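Heads up: the sequence shown at position 188 corresponds to 192 in the numbering used here, and the numbers run straight through without jumps. Data first, discussion second: the structure below is written as structure tokens.
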Amino acid sequence: MTFAVFASIVFIHLMAAISPGPSFVVAVRTAASEGFRVAASLAVGFGLGAVIWALAALFGLAVLFQIAPWLFTTLKIVGAAFLIWIAIMTWRHASDPLPEVTEGATPRSALSALRLGVITQLANPKPAVFFGAVFVGLVPPDVGWQALILLLVVIFANETLWYMLVGQLFSTRHVRAVYARGKRWVDRAFGGLIAAFGVKIAVT
5 MTFAVFASIV FIHLMAAISP GPSFVVAVRT AASEGFRVAA SLAVGFGLGA VIWALAALFG
65 LAVLFQIAPW LFTTLKIVGA AFLIWIAIMT WRHASDPLPE VTEGATPRSA LSALRLGVIT
125 QLANPKPAVF FGAVFVGLVP PDVGWQALIL LLVVIFANET LWYMLVGQLF STRHVRAVYA
185 RGKRWVDRAF GGLIAAFGVK IAVT
């Protein structure tokens, strides 16, 4: 694999990771309500989820979906249901006050946040489509295993660092204070967005 091909794959994936979607909404709300430590663990979960999708694509995810289209349909339905469940929980707890975020404690454990990140990423068909349709078409068939490992490392870094940046921004005191003042309506808007993503995934 030439450097130009490698760089193009990395850039295209970064643009896909940055594009708004369910993961972005979950990252913003988590950072604003639970602080950067939780958001950072969530970001690592997003990165691990992306690597899992990339590995699945490299091992024939696109071919599997062509052979058994019902698997992709099932994936969409399960993913949509999970996102709608997150939306319902977000809406129900919109009026709850923000938990206190301190240096010594976090409202959610790092493992719980990491698990939420992985599940959210795996339940989202957006990366499934990207890795199953776009990613596999960009990676040369004769690429060596060293280049593949490096590519997976960079994919993990793209996802994780982007969502850590989002977490850092939305966990700042000023942004947190603004969020706290309008939490009820912001959470309901986030819940509506996540539900809309879920419905869109289910019907398209």
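Ideal Cβ positions, reconstructed from N, Cα and C, are used throughout, including at glycine. Predicted model, so just to flag it, every value in this text is computed and none were measured.
Limits of the alpha helix (DSSP H) - the one that residue i falls within
i: Thr34; result: 26–38
i: Val9; result: 7–22
i: Pro101; result: Run containing Pro101: none; DSSP gives neither H nor E here.
i: Val179; result: 177–185
i: Asn162; result: 149–174
i: Gly121; result: 114–126
i: Val143; result: Element bounds for Val143: n/a, residue is neither H nor E.
i: Ala132; result: 129–133
Contact set for residue i: own chain, Cβ-Cβ below 6 Å, skip 5 residues either direction
i: Asp191; result: Thr94, Ala98
i: Glu107; result: Caution applies to Glu107, whose pLDDT of 49 falls short of 50 and renders its modelled position unreliable; the value that the coordinates give is listed next. Here the set comprises nothing.
i: Ala199; result: Ile88, Ala91
i: Thr176; result: none
i: Arg188; result: Ala98, Ser99
i: Leu197; result: Val29
i: Val14; result: Val158
Integer-rounded CB distance, given that residue j should sit under 8 Å from residue i
i: Arg33; j: Phe139; result: No, Arg33 and Phe139 are not in contact; Cβ-Cβ is about 28 Å, not under 8 Å.
i: Ala206; j: Ala84; result: 4 Å
i: Lys80; j: Pro131; result: That pair is no contact at about 13 Å.
i: Ala31; j: Val179; result: With 8 Å as the limit, Ala31 and Val179 do not qualify as a contact, their Cβ atoms being about 13 Å apart.
i: His17; j: Ile159; result: 6 Å
Nonlocal neighbours in the same chain, by C-beta distance under 8 Å from residue i, ignoring five residues either side
i: Val48; result: Leu118, Gly121, Thr164
i: Ala151; result: Met5, Phe10
i: Pro73; result: none
Own chain residues within Cβ distance below 7 Å of residue i, not counting five before or after
i: Phe134; result: Ala20
i: Lys204; result: none
i: Arg112; result: Glu38, Val42
i: Thr110; result: Legend: pLDDT at Thr110 = 47, less than 50; position of this residue unreliable, value from coordinates given subsequently. Contacts found: Glu38, Gly39, Arg41, Val42.
i: Leu126; result: Gly53, Ile56
Query raised in the report: Is it a yes or a no for the region 163–174 touching the region 80–94, going by three-plus beta-carbon pairs under 8 Å?
Result: no
Query raised in the report: Does the region 5–13 come within contact of the region 172–185, defined as at least 3 CB pairs closer than 8 Å?
Result: no
Query - Inter-stretch contact (C-beta, 8 Å, three-pair minimum) for the region 150–162 and the region 23–37 - result: no
Requested in this report: Kindly confirm or deny that the region 181–188 and the region 41–51 touch, where touching means at least three C-beta pairs closer than 8 Å.
Outcome: no
Query raised in the report: With contact counted as at least three CB pairs below 8 Å, one residue from each stretch, are the region 53–60 and the region 111–118 in contact?
Result: no
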